[in-house]
Amino acid sequence: MQVLLINGSPHQYGCTHTALREIAKELEREGIASQELHIGNGPIQPCTACGGCAKSGYCVFSDDLVNQAIELLHKADAMIVGSPVHYAAPNGSLCAFLDRMFFRKSKSYALKPAAAIVSCRRGGASAAFDRLNKYFTISSMPVVSSQYWNSVHGNTPEEVQRDLEGMQTMRTLARNMAWLLKCIDAAKNKVPLPIQEDWIATNFIR
Ligand SMILES: Cc1cc2nc3c(=O)[nH]c(=O)nc-3n(C[C@H](O)[C@H](O)[C@H](O)COP(=O)(O)O)c2cc1C
Numbered sequence: 002m003q004v005l006l007i008n009g010s011p012h013q014y015g016c017t018h019t020a021l022r023e024i025a026k027e028l029e030r031e032g033i034a035s036q037e038l039h040i041g042n043g044p045i046q047p048c049t050a051c052g053g054c055a056k057s058g059y060c061v062f063s064d065d066l067v068n069q070a071i072e073l074l075h076k077a078d079a080m081i082v083g084s085p086v087h088y089a090a091p092n093g094s095l096c097a098f099l100d101r102m103f104f105r106k107s108k109s110y111a112l113k114p115a116a117a118i119v120s121c122r123r124g125g126a127s128a129a130f131d132r133l134n135k136y137f138t139i140s141s142m143p144v145v146s147s148q149y150w151n152s153v154h155g156n157t158p159e160e161v162q163r164d165l166e167g168m169q170t171m172r173t174l175a176r177n178m179a180w181l182l183k184c185i186d187a188a189k190n191k192v193p194l195p196i197q198e199d200w201i202a203t204n205f206i207r
């Protein structure tokens, strides 16, 4: 079993990575592998709503890691997305990345457990956390919870290490994710998957 960890910070080895690494270590203790994908700190093209992905399943833009992330999530059993808090929201580049990664691809990610984690210096964590969870709850992805809303506090990796409750929240999340993955595996061929109806898109017009 493998969990895809997306590091949505411009800092590859910053606070968000520190929290994700705590999760990776705990997953490993539970016998579950993980892979961290850093979105980079270059420009990330926003979604242009061209609809190209509806046909191919991939984004028409290929000069960043979005298509690689789509590929990795197809192979992974679950995902955890991490972001720094920027003005009480996830990093804007990460939102552009996830918009393109998720738009029109809900069916291919359905039933893969997911979670978000955020890192902030002081405030705005739960607003950013809520925003990230929207990607999962529109994609039939079971959201894994922890003992608190998933955040760590700090401006440097060292400060995050000193946020003992935040780090414990990361470990609890990892163990809950491991438990759900093992339950899903144990239920294979025993509990039928829920039927997925075709999407009825009414656009608020009757
Ligand atoms: C543009 C920008 C906006 C930020 N906005 C907030 C904020 O609203 N609340 C907060 O507590 N910290 C804010 N911060 C601080 C970061 O969220 C915090 O340092 C975070 O832990 C950095 O994580 P990273 O090392 O993974 O990038 C902001 C930082 C930047 C660069």
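Residue numbering for the sequence shown follows the numbering used here, beginning at 2 and increasing consecutively.
Ideal Cβ placement from N, Cα and C applies to all residues, glycine included.
Keep in mind the model is a prediction, meaning the values are calculated, not measured.
If you count every other CB in all the chains shown that lies within 10 Å of the CB of residue i, and 16 or more means buried, which is it?
{"i": "Val153", "result": "buried"}
{"i": "Leu165", "result": "exposed"}
{"i": "Glu27", "result": "buried"}
{"i": "Thr138", "result": "exposed"}
{"i": "Val119", "result": "buried"}
{"i": "Asp65", "result": "buried"}
{"i": "Tyr136", "result": "buried"}
{"i": "Ile40", "result": "buried"}
{"i": "Tyr110", "result": "buried"}
{"i": "Asn134", "result": "buried"}
{"i": "Thr170", "result": "buried"}
{"i": "Leu74", "result": "buried"}
Could you check the C-alpha separation between residue i and residue j for me, to the nearest Å?
{"i": "Thr173", "j": "Ser147", "result": "6 Å"}
{"i": "Gly93", "j": "Asn42", "result": "11 Å"}
{"i": "Ala34", "j": "Ile201", "result": "37 Å"}
{"i": "Ala179", "j": "Asp78", "result": "11 Å"}
{"i": "Arg163", "j": "Leu99", "result": "30 Å"}
{"i": "Met46", "j": "Lys191", "result": "The residue you asked about is not Met; residue 46 is Gln in the sequence shown. The alpha-carbon atoms of Gln46 and Lys191 are separated by roughly 43 Å."}
{"i": "Lys63", "j": "Leu112", "result": "Note that residue 63 is Ser in the sequence shown here, rather than Lys. Spanning the two alpha carbons is a distance of roughly 27 Å."}
{"i": "Leu95", "j": "Ile185", "result": "29 Å"}
{"i": "Glu38", "j": "Gly32", "result": "At residue 38 the sequence reads Leu, which differs from the Glu that was named. Going from the Cα of Leu38 to the Cα of Gly32 covers about 20 Å."}
{"i": "Phe103", "j": "Lys56", "result": "14 Å"}
{"i": "Ser107", "j": "Ala20", "result": "27 Å"}
{"i": "Cys51", "j": "Arg30", "result": "43 Å"}
{"i": "Asp199", "j": "Cys60", "result": "22 Å"}
{"i": "Glu23", "j": "Thr203", "result": "43 Å"}
{"i": "Gly167", "j": "Ile206", "result": "44 Å"}
{"i": "Pro193", "j": "Gly58", "result": "26 Å"}
{"i": "Arg189", "j": "Gly53", "result": "Note that residue 189 is Lys in the sequence shown, not Arg. Near 34 Å, if we compare the C-alpha coordinates of Gly53 and Lys189."}
When you compare the CB positions of residue i and residue j, do they come within less than 9 Å of one another, or not?
{"i": "Leu182", "j": "Val67", "result": "no"}
{"i": "Cys48", "j": "Arg101", "result": "yes"}
{"i": "Ala129", "j": "Val86", "result": "yes"}
{"i": "Trp150", "j": "Ala126", "result": "yes"}
{"i": "Gly124", "j": "Ser10", "result": "no"}
{"i": "Ile81", "j": "Ile7", "result": "yes"}
{"i": "Arg132", "j": "Ala90", "result": "yes"}
{"i": "Gln197", "j": "Ser141", "result": "yes"}
{"i": "Pro143", "j": "Ala117", "result": "no"}
Go through the residues and name those whose CB comes closer than 5 Å to any heavy atom of ligand 1, in chain order. Ordered along the chain, the selected set is Ser10, His12, Gly15, Cys16, Thr17, Pro85, Val86, His87, Tyr88, Ala89, Ser120, Cys121, Arg122, Arg123, Gly124, Gly125 and Asn156.
Would you check if the region 158-174 and the region 14-33 touch, i.e. whether three or more CB-CB distances between them fall below 8 Å? As far as the Cβ criterion goes, the region 14-33 touches the region 158-174, which means the pair count is three or higher.
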